[in-house]
Every structure is written in structure tokens, then in C-alpha cells.
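Since the structure comes first, as C-alpha cells, the remarks are kept for the end.
Numbering (this note's numbering), first residue to last: -19 to 61.
Right, here's the structure in full:
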């Protein structure tokens, strides 16, 4: 998988679900390997705004993914939202 930029939480949910499926990992298997219950996996794939950092890190580890944080080059940095 190439680097993917994510700007919205729903993009994160789609990425996690699509990559899990591309590796032929079921929600049940992911649940066992991350110690996150299967119903929570299902919920988080559809509502990724509710995932905790700890859950996300375990999930990414199982899928062989990592997070990279970078400064946006196309927009000036601001201190306000």
C-alpha cells in the first residue's frame, strides 16, 4: 500500500476496513489479535471518530501499518482551528 493521506475520520474507517479485507483478516480475527471485541471493531469501522489512540495503534500494528505526522505543505500553519 502506498502512503495515504487522511483528512476526515470517515476516510480512516474506510482505510482500516479496506486494508483489513485486503489481507483477508475477518473482524473476528482482528478482534482476537487486538483484544478489541468484534462488535466494537464493526462499530469503529463505521464510526472511526470514536476510536481511541490505543485501539488505533493496536489495529495498525496487526495490519502492518503506521502513522506518519507531517506538516501540510499546501497550507500555511496556523495556531487556530
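Each residue gets a CB set at the ideal place from its N, CA and C atoms; glycine is no exception.
Collapsed DSSP secondary structure at residue 50 in the structure displayed: coil
DSSP-derived helix/strand/coil call for residue 6: coil
Proximity of residue -5 and residue -14 at Cβ, strictly below 8 Å: yes
Coil, strand or helix - residue 24 by DSSP: helix
Cβ neighbours of residue 18 in the same chain (closer than 6 Å, five flanking residues each side left out): 7, 8 and 11
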